[in-house]
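Asker:
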Amino acid sequence: MRIKDFIWPVIGLGAVAVSAWLLYHEWREISLDDVWSGLTAIPFHGWILAAISSIVAYGALAGYDHIALLHIGKRVSWFFVTVCSFTTYALSHNIGGSVFSGAVIRYRAYATKGLTGQEVGVLVGICWFTFVLSSVFVGGVVILLEPSLLDRYTEGSHEAWWIALGVAMLLSVGAYVFGSWLHLKPLAIRSFRLHYPALPIVARQLIIGPLEILAAAAIIYFVLPAEHNPGYLIVLGIFLFSFAVAQASHAPGGLGVLEVVFLTGLSEMDPAAVLAALLVFRLFYLIIPLILGVMAVLAFEHSQFGRSANKDEA
Numbered sequence: 001m002r003i004k005d006f007i008w009p010v011i012g013l014g015a016v017a018v019s020a021w022l023l024y025h026e027w028r029e030i031s032l033d034d035v036w037s038g039l040t041a042i043p044f045h046g047w048i049l050a051a052i053s054s055i056v057a058y059g060a061l062a063g064y065d066h067i068a069l070l071h072i073g074k075r076v077s078w079f080f081v082t083v084c085s086f087t088t089y090a091l092s093h094n095i096g097g098s099v100f101s102g103a104v105i106r107y108r109a110y111a112t113k114g115l116t117g118q119e120v121g122v123l124v125g126i127c128w129f130t131f132v133l134s135s136v137f138v139g140g141v142v143i144l145l146e147p148s149l150l151d152r153y154t155e156g157s158h159e160a161w162w163i164a165l166g167v168a169m170l171l172s173v174g175a176y177v178f179g180s181w182l183h184l185k186p187l188a189i190r191s192f193r194l195h196y197p198a199l200p201i202v203a204r205q206l207i208i209g210p211l212e213i214l215a216a217a218a219i220i221y222f223v224l225p226a227e228h229n230p231g232y233l234i235v236l237g238i239f240l241f242s243f244a245v246a247q248a249s250h251a252p253g254g255l256g257v258l259e260v261v262f263l264t265g266l267s268e269m270d271p272a273a274v275l276a277a278l279l280v281f282r283l284f285y286l287i288i289p290l291i292l293g294v295m296a297v298l299a300f301e302h303s304q305f306g307r308s309a310n311k312d313e314a
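For the sequence shown, my numbering begins at 1 and goes up steadily by one.
(1) Which class does MET295 belong to by DSSP, given the choice of helix, strand or coil?
(2) Which value, in whole angstroms, describes the spacing of the CA atoms of LEU263 and TYR221?
(3) What is the rounded straight-line gap between the Cα of ILE291 and the Cα of GLY121?
(4) For the structure I just gave you, are there three or more beta carbon pairs, one from the segment 65-78 and one from the segment 235-249, closer than 8 Å?
(5) Enumerate in chain order the residues of its own chain whose CB-to-CB distance from GLU119 is below 6 Å, with the five nearest sequence positions on each side excluded.
(6) Nearest to GLY321 by CA position, among TRP78, ILE287 and PRO225, is which residue?
(7) With distances taken from CA atoms, which of VAL235, LEU240 and PHE300 is nearest VAL274?
(8) Grab the span of the alpha helix (DSSP H) containing THR264 for me, first residue to last.
(9) Can you say whether LEU133 is buried or exposed, counting buried as having 16 or more other CB atoms within 10 angstroms of its CB?
(10) For HIS25, which residues in the same chain have their Cβ closer than 6 Å to its Cβ, ignoring the five residues on either side in sequence?
(11) Assign ILE207 to one of two classes, buried (16 or more other C-beta atoms within 10 Å of its C-beta) or exposed (fewer than that).
(12) What is the rounded straight-line gap between the Cα of ASP270 and the Cα of VAL35?
(13) For ILE42, name the three-state secondary structure that DSSP assigns.
(14) Could you give the distance in angstroms between the alpha-carbon of PHE79 and the alpha-carbon of TRP181?
(15) So the candidates are GLU268, LEU211, ASP151 and PHE129; which of them puts its Cα closest to the Cα of VAL138?
(16) Roughly how many whole angstroms lie between the Cα atoms of PRO289 and ILE55?
(17) With DSSP run on the structure shown, which of helix, strand or coil describes PHE300?
(18) How would you call TYR153, buried or exposed, if buried means at least 16 neighbouring beta carbons within 10 angstroms?
(19) Starting from PHE222, trace the alpha helix (DSSP H) in both directions and tell me its first and last residue.
(20) How would you call ILE163, buried or exposed, if buried means at least 16 neighbouring beta carbons within 10 angstroms?
(21) Under a Cβ-count criterion, where at least 16 other Cβ atoms within 10 Å of its own Cβ denotes burial, should LEU298 be classed as buried or exposed?
(22) In terms of alpha-carbon separation, which member of TYR285, VAL257 and ILE238 lies closest to SER148?
(23) Does DSSP put ASN94 in a helix, a strand or coil?
(24) Could you give the residue range of the alpha helix (DSSP H) that holds MET169?
(25) Just tell me which of THR82, ILE105, VAL177 and LEU165 has its CA closest to the CA of VAL324.
(26) Taking the alpha helix (DSSP H) that VAL132 falls in, what are its first and last residues?
(27) Kindly confirm or deny that the segment 167-181 and the segment 194-206 touch, where touching means at least three C-beta pairs closer than 8 Å.
(28) Find out if the Cβ-Cβ distance for the pair VAL223, GLY46 is shorter than 9 Å.
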């Protein structure tokens, strides 16, 4: 195997190791009993709201694939797309390197519906860009509403710089929308054509993408205690930052990375309660979807094997 085949796994494992070391220093004063107490202190309605938020988040993620298929002009049944999208994100969120792992899963599924490798590549690109676009859009809004948010991770106050960053983020989103309105020519690379999304596609991206982010952050917010809680907007901003760091680290499931970023960002709250909330997030957003995703893959492969056997007999 080539060296580059090991790069991302090594980076991901390295990120987990560094995060584990940082967490060790954060957790020295926290016992498992404290975390368990934090879990049992979560009210029943908090669990229900967190579960509903997880369903909304994965429903919005299915919208990513629907948007991409609409862009490339391919019709696939709503049920198949929803299951494929759910399985893709359920597995890739846990595996790490979501763009690459998601591409493999999507190609295996959509190839059975007649999509070419090039079309699946565009679909993956649109899904990835929808997430990035939505993160930049929501992140820019949050920074402008709470310019002191990122000071939680720095020494001193830099609100003017953060406001400038927020404005730049929203201007980049505006430039993307403006480009769609101009009907720019497609990017041509030999026989490959990459078309700029039309305004209706862009509108869907700026609705579905933010909805997924808002719902995913709500999973954590609904199970955090009210004491010293800075509010949903701060939790949303910290979630965006932690998810960006986790994605960049390529750590499987953002293991350790999410915890470090949240414990630092919510330093005014009880660390055990924060860890309990993150465990609930992992349960609803990662573990349960992973189990269901594996079951969906096994069912799909079983159906494909059955079809292949029937063709051979015929």
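For each residue, glycine too, the CB sits at the ideal point set by N, CA and C.
Answerer: According to the structure shown:
(1) Start at 1 with the first residue of the sequence shown, and residue 295 comes out as number 295. Three-state DSSP puts MET295 in a helix.
(2) Your numbering for residue 263 matches position 263 in the sequence shown. Your numbering for residue 221 matches position 221 in the sequence shown. Approximately 14 Å, taken between the alpha carbons.
(3) On the sequence shown, residue 291 is found 291 positions in, with the first residue counted as 1. On the sequence shown, residue 121 is found 121 positions in, with the first residue counted as 1. Computed Cα separation, rounded: 26 Å.
(4) Taking a cut-off of 8 Å on C-beta distances, the segment 65-78 does not touch the segment 235-249, as fewer than three cross pairs fall below it.
(5) If you number the sequence shown from 1, residue 119 lands on position 119. Setting aside the 5 residues that flank it on each side, GLU119 is surrounded in the same chain by ILE72, each with a C-beta closer than 6 Å to its C-beta; the list follows chain order.
(6) Because the chain is modelled from 1 through 314, residue 321 falls outside the range shown and cannot be assessed.
(7) Locating residue 274 in the sequence shown gives position 274, where the first residue counts as 1. Among VAL235, LEU240 and PHE300, the Cα nearest to that of VAL274 is on VAL235.
(8) The residue labelled residue 264 in the question sits at position 264 within the sequence shown. Element bounds for THR264: 257-265.
(9) Numbered from its first residue, the sequence shown carries residue 133 at position 133. It is buried - the Cβ of LEU133 has at least 16 other Cβ atoms within 10 Å.
(10) Along the sequence shown, read from residue 1 onward, the residue named residue 25 stands at position 25. Model confidence at HIS25 stands at a pLDDT of 48, short of 50, so the residue's coordinates are unreliable and nothing is read from them.
(11) Walking along the sequence shown from the start, residue 207 turns up at place 207. Exposed is the label assigned to ILE207, since fewer than 16 other Cβ atoms lie within 10 Å of its Cβ.
(12) As a working note, residue 270 is residue 270 in the sequence shown. As a working note, residue 35 is residue 35 in the sequence shown. Cα to Cα, ASP270 sits roughly 10 Å from VAL35.
(13) Within the sequence shown, numbered from 1, the residue matching residue 42 stands at position 42. Assignment of ILE42 by DSSP, reduced to helix, strand and coil, places it in the coil class.
(14) The residue you call residue 79 lines up with position 79 of the sequence shown. The residue you call residue 181 lines up with position 181 of the sequence shown. Rounded to whole angstroms, PHE79 to TRP181 spans 32 Å at the Cα level.
(15) Numbered from 1 along the sequence shown, position 138 holds the residue referred to as residue 138. The option with the nearest alpha carbon to VAL138 is LEU211.
(16) Walking along the sequence shown from the start, residue 289 turns up at place 289. Walking along the sequence shown from the start, residue 55 turns up at place 55. Here the C-alpha atom of PRO289 lies approximately 10 Å from the C-alpha atom of ILE55.
(17) Here residue 300 refers to the residue found at position 300 of the sequence shown. Of the three classes helix, strand and coil, the one that applies to PHE300 here is helix, per DSSP.
(18) Taking the first residue of the sequence shown as 1, we reach residue 153 at position 153. Per the 10 Å Cβ criterion, exposed.
(19) Residue mapping note: residue 222 aligns to position 222 of the sequence shown, counting from 1. 199-223 is the extent of the alpha helix (DSSP H) around PHE222.
(20) For the purposes of this step, residue 163 is taken as the residue at position 163 of the sequence shown. Exposed is the call here.
(21) Here residue 298 refers to the residue found at position 298 of the sequence shown. Exposed.
(22) On the sequence shown, residue 148 is found 148 positions in, with the first residue counted as 1. Looking at the Cα atoms, ILE238 is the closest of the given residues.
(23) On the sequence shown, residue 94 is found 94 positions in, with the first residue counted as 1. Three-state result, ASN94: helix.
(24) Position 169 of the sequence shown, counting from 1, holds the residue named residue 169. Residue range 159-181 is occupied by the alpha helix (DSSP H) that includes MET169.
(25) This structure gives no information on residue 324, because the portion of the chain shown stretches from 1 to 314.
(26) Counting from one through the sequence shown, the residue named residue 132 turns up at place 132. Its alpha helix (DSSP H) spans residues 117-145.
(27) yes
(28) Taking the sequence shown and counting its residues from 1, the one referred to as residue 223 is at position 223. Taking the sequence shown and counting its residues from 1, the one referred to as residue 46 is at position 46. Yes, these two residues count as a Cβ contact at 9 Å.
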